[in-house]
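Residue numbers (my numbering): 10 to 543.
Glycine included, C-beta positions come from ideal geometry on N, C-alpha and C.
As the structure is a prediction and not an experimental result, all values here were calculated from the model.
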Amino acid sequence: MTNVDSAAGAPGEPAVPRLSRVRLPEFPSAPVRIVHLGLGAFHRAHQAWYTQLVDPDHEWGIAAFTGRSPQAAVDLDAQDCLYTVVERSADGDSATIVGSIVEARDGADVARLHDLLAAETTAIVTLTVTESGYRLDAEGRPDASDPAVEHDVALLSDALDDGADLRDARPTTTLGRLLLGLEARRRAGAGPIAIVPCDNIADGGALVRRAMLALADRVRPETARWIADEVSFVSSSVDRITPRPTPADEATAAELTGFTDAAPVVTEPFTDWVLSGDFPAGRPAWESAGARFVDDLEPYEQRKLRLLNGAHSLLAYAGPLRDHATVAEAVGDEQCRAWVEEYWDETERHLPDDLGLTAYRTALLERFDNARIEHRLQQIALEGVTKLRVRIVSTLLAERAAGRLGTGSLRVIAAWVAAVQGDDRPGDASGAAVTEALRFQGRERTAALVRLIDPRLLDSEPDDGSALVTELGRLVDELASPVPEHPLAVPEHRLPVPEHPLPVPEHRLPVPEHRLPVPEPVEGPTPDDSSRSA
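Structure below.
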């Protein structure tokens, strides 16, 4: 690994040379042992970065496949898959050249995926395709209402027939492509393998295992039985804020390294990775770079999903309503910051006491305050239906079950409701269903949107959700109130974390005389899986 903090260009050269393994012979191409699905900035700042740190003998090469767009593969392939990780702290930038990715492929190159998973030397498949990229319904099963899922079921049913050539099949979904690759491995007798989802999903290993078994059972039960016996699904909690790179970041990377890089990654210095599960075919010693292997992952991932990601969602939808564009701008607004603290106070009541939550909250605010990391709220706001289901619903249900309003959690959903009703609606794989819900008016519209996120939010209420919808409407109106003419600037010093939770009313809202009719959810088509990780 090459780590540099200042420009290192060759004197007298008219142009900055492009990154290449010829110019940097300390980066030989390692043999492929890991396959990654969802080649984006986060994977390169996280899993690939960890692998580079712990593999001085170049034994664990990564073959990475893109999601919807092949552009990342095109850019990386032109520079021998080398790229720069720029760590951006409040005090300055430092750069590291990373070479653990040795192949960058278009996600549509299913034939190459087939060959790699059929190889006995391939030990691990990692994934960063975002929550919605798995195309699951609210029960965690492959979404039968999704045309892309049903297309792959029909295609794979034919392709997995004993007489068919798997390399001719072209599934389009992430799980469909993974199933084809695992069937190739079964036929080749290549042995066990580990699948490691690295997205913001709770108990991701178990979730993806259930989804893969359900999909395989529909296509070929024999393959489902082999997966149950030979494939390990590892859960992980990942954390490193990685905004989308900009053209200015290319100039920064060149200045710091002396090499032209068309695909740099900018990230914060903080990073965390906690894993739970077995690696039957081996793995890199990621713990040497700070990763942790634990028996019980749930407390760590719930802390991260609810506190970090939940707060990000709150800021992503409430911030633009107050004319903010980045996390640092929004959290520097006293009102937004107070909303985050209120939401965190609620969430903390439903997390274990031994997770160091006060220190964790303090560290999060320091990370959010880093204005040099331009984490765009527009990026975080994408795929709201799935993200809110994973990040917010558990706390809200627990608060309501305890007889409290759950105002802090409800405000996150209210901000999303306000956002999707605006002129610049955030992109969402459930966009067609959101559009259908928006055809209703007033309370019925609010109820339909809530039901898209999770029907339990209404069905678990004694009044079928009428009081919840009333409170949600009040919060939407509050969020839509005029913003002060001079928004507060980002403070130089972080506000202190309160020692005691904010008081929350103990009584429930009054139940209206008439119950609210709630429409059934409407499913719609969703776009191809994405390689984003926000």
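So for residue 138, helix, strand or coil by DSSP? Residue state, collapsed to three classes: coil.
Please return the same chain residues whose Cβ sits closer than 7 Å to the Cβ of residue 214, not counting the five positions on each side in sequence. Here the set comprises 206, 242, 243, 244, 286.
Quick one: give me the first and last residue of the alpha helix (DSSP H) that residue 284 is part of. Per DSSP, residue 284 lies in no alpha helix (DSSP H) segment; the continuous beta strand (DSSP E) that holds it begins and ends at 281-285.
Is residue 451 near the ligand NAD, in the sense that its beta carbon is under 8 Å from a heavy atom of that ligand? You won't find the ligand NAD in this model; it holds no ligand whatsoever.
Note down the Cα distance separating residue 74 from residue 157, rounded to an integer number of angstroms. Their backbone Cα atoms lie some 19 Å apart in a straight line.
Quick one: what does DSSP say residue 55 is sitting in, helix, strand or coil? Coil at residue 55, not helix or strand.
Alpha carbons only, please: which of 33, 339, 377, 319 is nearest the one belonging to residue 357? Ranking 33, 339, 377, 319 by Cα distance to residue 357 puts 319 first.
Whole-Å CB distance - residue 270 paired with residue 277, under 8 Å assumed: The beta carbons of residue 270 and residue 277 sit about 19 Å from each other, so the pair does not count as a contact at 8 Å.
Taking 8 Å as the threshold, find out whether the segment 293-310 comes into contact with the segment 386-398 through three or more Cβ pairs. Using a C-beta cut-off of 8 Å, the segment 293-310 makes no contact with the segment 386-398, since fewer than three inter-stretch Cβ pairs fall below that distance.
Tell me, please, whether the CB atom of residue 55 is closer than 9 Å to any CB atom in chain B? Of the chains in the structure shown, none is chain B; there is only one protein chain.
What residue ranges within the segment 353-440 form continuous alpha helix (DSSP H) runs of no fewer than 4 residues, ordered along the chain? Those alpha helix (DSSP H) runs which fall completely within the segment 353-440 and span 4+ residues are 366-377, 386-389, 393-400, 402-410, 416-429.
With 16 as the cutoff for other CB atoms within 10 Å, does residue 227 come out buried or exposed? Counting Cβ neighbours within 10 Å, residue 227 comes out buried, since at least 16 surround it.
Touching by the beta-carbon criterion (3+ pairs, under 8 Å), the segment 109-128 and the segment 185-194: Contact holds: three or more Cβ-Cβ distances are below 8 Å.
Can you find at least 3 beta carbon pairs, one from the segment 288-306 and one from the segment 217-224, that sit closer than 8 Å? Three or more beta-carbon pairs separated by less than 8 Å are not found between the segment 288-306 and the segment 217-224, which leaves the two stretches without contact.
Candidates 409, 445, 458, 490, of which the one nearest residue 472 by Cα: Ranking 409, 445, 458, 490 by CA distance to the CA of residue 472 puts 409 first.
May I ask you to list the residues that DSSP assigns as paired with residue 130? Beta-bridge pairing links residue 130 to no other residue.
Separation of residue 415 from residue 69, as counted between CA atoms: Taking the Cα positions, residue 69 is about 47 Å away from residue 415.
Mind the definition here: the segment 24-33 touches the segment 87-94 only if three or more C-beta pairs lie below 8 Å; say whether that holds. A contact exists between the segment 24-33 and the segment 87-94.
Taking the CB atoms as reference points, tell me whether residue 429 and residue 458 lie closer together than 9 Å. Yes, these two residues count as a Cβ contact at 9 Å.
Residue 206 (DSSP reduced to helix, strand or coil): In this structure, DSSP gives residue 206 an extended state, which the three-state scheme calls strand.
Within the continuous alpha helix (DSSP H) that includes residue 45, where are the two ends? For residue 45, there is no enclosing alpha helix (DSSP H); the enclosing beta strand (DSSP E) has its first and last residue at 41-46.
Return helix, strand or coil for residue 73, following the three-state DSSP convention. In the structure shown, residue 73 sits in a strand (DSSP, three-state: E or B).
Cβ neighbours of residue 246 in the same chain (closer than 7 Å, five flanking residues each side left out): The residues 283, 306, 309, 310, 313, in chain order, have a CB closer than 7 Å to that of residue 246 in the same chain once the five nearest residues on each side in sequence are set aside.
Look at residue 424 and residue 327 and say whether their C-beta atoms are less than 9 Å apart. Closer than 9 Å, so yes.
Report buried or exposed for residue 25, applying the criterion of at least 16 other Cβ atoms within 10 angstroms of its Cβ. With 16 or more Cβ atoms within 10 Å of its Cβ, residue 25 is classed as buried.
Starting from residue 143, follow the alpha helix (DSSP H) in both directions and report where the run begins and ends. For residue 143, no alpha helix (DSSP H) encloses it, and the DSSP letter there is neither H nor E.
With DSSP as the reference, please indicate the residues paired to residue 544 in a beta bridge. As displayed, the chain neither begins before 10 nor continues past 543, which places residue 544 out of reach and without an answer.
Count the other CB atoms within 10 Å of the CB of residue 486; is the residue buried (16 or more) or exposed (fewer)? So residue 486 ends up on the exposed side.
From residue 355 to residue 370, what distance separates their C-alpha atoms? The alpha-carbon of residue 355 is positioned some 13 Å away from that of residue 370.
Reduced DSSP category for residue 486 - H, G, I as helix; E, B as strand; rest coil: Helix.
Taking the alpha-carbon positions, what's the residue 470 to residue 175 distance? Distance between the alpha carbons of residue 470 and residue 175: 49 Å.
Among 237, 404, 210, which one has its Cα closest to the Cα of residue 203? Put simply, of 237, 404, 210 the residue whose alpha carbon is nearest the alpha carbon of residue 203 is 237.
Host alpha helix (DSSP H) of residue 192 (start-end): Counting along the chain, the alpha helix (DSSP H) containing residue 192 begins and ends at 183-197.
Classify residue 266 as helix, strand or coil using the three-state DSSP reduction. The DSSP-derived three-state label of residue 266 is helix.
Would you please state the rounded distance, in angstroms, between the beta carbons of residue 130 and residue 40? I believe it to be under 8 Å. 6 Å between Cβ atoms; contact.
Hey, out of 79, 83, 53, whose CA is closest to residue 71's CA? Sorting 79, 83, 53 by C-alpha distance to the C-alpha of residue 71 places 53 at the top.
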